[in-house]
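Engineer:
Residue numbers (my numbering): 21 to 145.
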């Protein structure tokens, strides 16, 4: 979800809570917002915990990863797909690579934490 939209919805919930139920409504809206933030944090921690048990930059199939990628995917979603943290190969632009056992790899360029472009590189036979 877009962070601006999420925070706008939280502010609307606070305003509606105040308008309808006064302070108890604000407390309820605040509680719901905090619960939503904790759920997002918990999801991110779960993704990182799963990725911690895999080798860095390894993916089962680079070709399958290439097929599942699309522009705009957030890095958390890509780490979920690969079940591994990528290996950083460049700082600017932010570039990460995942390779499989056959030697094929997928290089992904990120801009603002989202996939901008990617390339599948296969070994020469």
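Beta carbons are placed, not taken as given, at the ideal position from N, Cα and C, and that holds for glycine. Given the structure is predicted, the values throughout are model-derived calculations rather than measurements.
#1: Considering only residues of the same chain and omitting the five flanking positions on each side of residue 134, which have a CB-CB separation below 7 Å?
#2: What does DSSP give as the partner residue(s) for residue 139 in the beta ladder?
#3: Assign residue 37 to buried or exposed, taking buried as 16 or more other Cβ atoms, counted over all protein chains shown, within 10 Å of its Cβ.
#4: Give the DSSP-derived three-state secondary structure of residue 36 in the structure shown.
#5: Taking 8 Å as the threshold, find out whether the stretch 67-83 comes into contact with the stretch 27-36 through three or more Cβ pairs.
#6: Tell me, please, which residues DSSP counts as bridged to residue 118.
Structural biologist: Reading off the structure:
#1: Hits under 7 Å: 92, 93, 94.
#2: Answer by DSSP bridge pairing, in chain order: 127.
#3: Classification for residue 37: buried.
#4: Helix, per DSSP.
#5: Using a Cβ-Cβ distance cut-off of 8 Å, the stretch 67-83 and the stretch 27-36 are not in contact, since fewer than three pairs of beta carbons, one from each stretch, lie closer than that value.
#6: For residue 118, which the question treats as bridged, DSSP gives the partners 126.
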